[in-house]
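Protein chains in written order, with my numbering: chain A, 175 to 425; chain B, 175 to 425. Glycine included, each C-beta is placed from N, C-alpha and C at the ideal position.
There are 2 protein chains.
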Amino acid sequence: MAAKRASQPRRSVWLTPEPTTRGRRGAERGSGAGHLDREKIIATAVRLLDEQGDAKFTMRALATELDVTPMSVYWYIANKDDLMELALDAVAGEIELPDPAAGRDWREDLRSLALAWRRTMVAHPWAIRSYGEYLNIGPQSMQFSACAQAVIARSPLPEAERPAALSAVFQYVYGFTSMESRWLEYGKEAGRTADEFLEEVAGSIAQSPEIAAGGGLMERHSGHSLGEMRDRDFDRALDWLIAGMCAGLSD
Amino acid sequence: MAAKRASQPRRSVWLTPEPTTRGRRGAERGSGAGHLDREKIIATAVRLLDEQGDAKFTMRALATELDVTPMSVYWYIANKDDLMELALDAVAGEIELPDPAAGRDWREDLRSLALAWRRTMVAHPWAIRSYGEYLNIGPQSMQFSACAQAVIARSPLPEAERPAALSAVFQYVYGFTSMESRWLEYGKEAGRTADEFLEEVAGSIAQSPEIAAGGGLMERHSGHSLGEMRDRDFDRALDWLIAGMCAGLSD
DNA sequence: ACCTGAACACCGTTCAAGT
DNA sequence: ACCTGAACACCGTTCAAGT
């Protein structure tokens, strides 16, 4: 992906003037099964990506699923990169946003925003990879980031610090979630649970002469599943970050 | 990449029993130019990846660069995934590790470790994408992580907390660096500096009706370049994280 | 032991043509 | 306006063959 053809650097779908004429009437025409339109294509793409992973997601497979020739899709969507951006924004719309009227503490809202983002990304592991590749400035992504900005605006942080604070939180969440998804996928590929797979890798590493069983990495489950520990670690690091950025503030 | 063929899930190179016989003598044979060996292939791969990006990096291009038929490479390396893992571990070897004998504060060493990691990844933008895909358990990567563990072991954190603390730091660094690399690459692809490109995107977004110029994202340069601000934000977030995890400790 | 040539089973996408 | 068919220019990789 990502502009094999170096001649003309690809612009984000969201920065491309809308092709107005193309595929704009699917909705009005009645959603009789056979008909193609942008939304149906995107929804199908998301479903296939979820079911089979991005490695197996091809324009040809998508067309087959839509009962159509590969090139039909191109009437509605310019190229695969655009489609990925569209699909990504679609799942961004699934992120549960906290109700601003609920009057909760901003820290709580920030944490639940982070958790909602993580949940959605883990539910669509291909999405986080795409998130790293594209600009993520579609309407749903922008709504999410507007919500995050509204939350941080309720913090006692000086206005000039807020963007950096928000970036820090979501860079962390992105990093955490990337790793988490990858382990889950590795496990799935290997036909094991993530726990089993981690255990297996740790075992192989322990035998290697390079690292003298340096401790760490593993051997820290005492009754809790890896999943529970992941959740706890996620929360803890968020607390650290938030506590750190609030240190020395009046509130 | 990543196991298109779902039949047999790929194992990491590092978990594969070494093929001992293959390509093991390049060094002894004298490094006369024409000869192929594992190390030469890896070094050339890294160079091509650096020069042209991973999108253009193909086994065929690599073979051409090595003045050889595409299939020659396969005598030494099983497949492209393995090669990527090998290349990734090679650049991991470039990360500057702090001298443990220097007697610096553990926080300082942790920060410089994070910065060194970030620098190396930004110098090889393809590497951070690979880092998200593979297991990263090669010898050089393990040496890095052993060093990080040694640093955190000098902290006053209780032993049980250390792995989580280390994870949190490097998850953040990974997230930060992913975004940073991506912006730099976007700028390069568009033939602009990262600053110009960000400016351009921000301009386009501001015009969109979706987001009512929510503020944030931009308009926060006061004499400093974006690069300087990035560096400062990176340091700040690390400080927050470290301060947060040390809060309530005796030291 | 090492390297080649030809081929296979794919990709995304262009382009001219159909209805 | 919408969809198709054939083709192009690629991929990674297998397999049998050369030296």
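| Asked | Found |
| --- | --- |
| State whether the region 217-227 of chain B contacts the region 254-265 of chain B, with contact taken as three or more CB pairs (one from each stretch) at a distance under 8 Å. | yes |
| Starting from A/Leu331, trace the alpha helix (DSSP H) in both directions and tell me its first and last residue. | Neither: A/Leu331 is in no alpha helix (DSSP H) and is coded neither H nor E. |
| Quick check: what's the CA-CA separation for A/Tyr308 versus A/Ile416? | 27 Å |
| Could you tell me how far apart the beta carbons of A/Trp414 and B/Ala252 are, in whole angstroms, since I believe they sit closer than 8 Å? | At roughly 42 Å, the Cβ-Cβ gap does not stay under 8 Å, so A/Trp414 and B/Ala252 are not in contact. |
| B/Leu257 lies in the alpha helix (DSSP H); which residues open and close that run? | 254-266 |
| Are there 16 or more other CB atoms within 10 angstroms of the CB of A/Gln381, so buried, or fewer, so exposed? | exposed |
| Quick one: measure Cβ to Cβ for B/Trp280 and B/Asp228, integer angstroms, because I've assumed they're closer than 8 Å. | That pair is no contact at about 35 Å. |
| Answer with buried or exposed for B/Pro274, where buried requires no fewer than 16 other C-beta atoms within 10 angstroms of its C-beta. | exposed |
| Please check if any C-beta of chain B sits within less than 8 Å of the C-beta of A/Glu363. | yes |
| Can you check which of these residues, A/Asp256, A/Arg366, A/Ala297, A/Leu400, is closest to A/Ser186 by C-alpha distance? | A/Asp256 |
| Taking its Cβ as the centre, do 16 or more other Cβ atoms sit within 10 Å of B/Ala387, making it buried, or is it exposed? | For B/Ala387, the predicted structure reports a pLDDT of 39, less than 50, and the residue's modelled location is therefore unreliable. A value from the coordinates is still provided. Exposed is the call here. |
| From A/Tyr360 to B/Tyr248, what does the alpha carbon distance come to, in whole angstroms? | 25 Å |
| Considering only their Cβ atoms, is the gap separating B/Ala288 from B/Leu412 smaller than 8 Å? | yes |
| Scan the region 342-362 of chain A for residues whose Cβ lies nearer than 8 Å to a Cβ of chain B and list them as they occur along the chain. | Ala342, Phe344, Gln345, Tyr346, Val347, Tyr348, Gly349, Phe350, Ser352, Met353, Arg356, Tyr360 |
| Please report the residue range of the alpha helix (DSSP H) in which A/Trp188 lies. | That residue, A/Trp188, is in no alpha helix (DSSP H); it is neither H nor E in DSSP. |
| A/Ala266: buried (16+ other C-beta within 10 angstroms of its C-beta) or exposed? | buried |
| Identify, in the order they occur along the chain, each residue of the same chain with its Cβ nearer than 7 Å to the Cβ of A/Glu268, setting aside the five sequence neighbours on each side. | Thr294 |
| For my contact list, A/Gly349 and B/Gln345 are in at a C-beta cut-off of 8 Å; report their separation, rounded to the angstrom. | 4 Å |
| Taking only beta carbons into account, state which residues of the region 275-308 of chain A come closer than 8 Å to chain B, listed in chain order. | Arg303, Gly306, Glu307 |
| Starting from B/Val146, trace the alpha helix (DSSP H) in both directions and tell me its first and last residue. | Look at the range of chain B in this structure, 175 to 425, and you will see that residue 146 of chain B is not part of it. |
| Is it the case that the Cβ atoms of B/Pro191 and A/Ala364 are separated by a distance below 8 Å? | no |
| Does chain A have any CB closer than 8 Å to the CB of B/Pro330? | no |
| What are the boundary residues of the alpha helix (DSSP H) that includes A/Thr367? | Careful: A/Thr367 lies outside any alpha helix (DSSP H) and carries neither H nor E. |
| Go through its chain and collect everything with a Cβ distance to A/Leu423's Cβ below 6 Å, but skip five positions before and after it. | Pro330 |
| Got a sec, what are the start and stop residues for the alpha helix (DSSP H) B/Ile416 sits in? | 400-420 |
| Does DSSP put A/Phe371 in a helix, in a strand, or in coil? | helix |
| Residues of chain A with a CB under 7 Å from the CB of B/Asp235: which are they? | Checking the sequence, you will find Ala at residue 235 of chain B rather than Asp. Going along chain A, no residue has its Cβ under 7 Å from B/Ala235, so there is no contact; the nearest lies around 12 Å. |
| Taking B/Asp407 as the reference, give the member of A/Arg328, A/Ala339, A/Val296 with the closest Cα. | A/Ala339 |
| Report buried or exposed for A/Ser246, applying the criterion of at least 16 other Cβ atoms within 10 angstroms of its Cβ. | exposed |
| For a contact meaning CB atoms closer than 7 Å, what does A/Ser378 contact in chain B? | Leu189 |
| Which residue's Cα is closest to the Cα of A/Asp405: A/Leu271, A/Arg285, A/Leu189? | A/Arg285 |
| Exposed or buried, which one is B/Glu202 when buried takes at least 16 other CB atoms within 10 Å? | Here the model assigns B/Glu202 a pLDDT of 49, short of 50, so the residue's position is not dependable, and the following value carries that caveat. It is exposed - the Cβ of B/Glu202 has fewer than 16 other Cβ atoms within 10 Å. |
| Please report the residue range of the alpha helix (DSSP H) in which B/Glu307 lies. | 299-307 |
| Return no unless some Cβ of chain A is closer than 8 Å to the Cβ of B/Ala261. | no |
| Run through chain A and tell me which residues come within less than 9 Å of B/Ala217, C-beta to C-beta. | Correct list: empty, because the minimum Cβ distance to chain A is about 21 Å. |
| For B/Val375, go through chain A and note every residue whose CB falls closer than 9 Å to its CB, in chain order. | Ser186, Leu189, Leu309, Ile311 |
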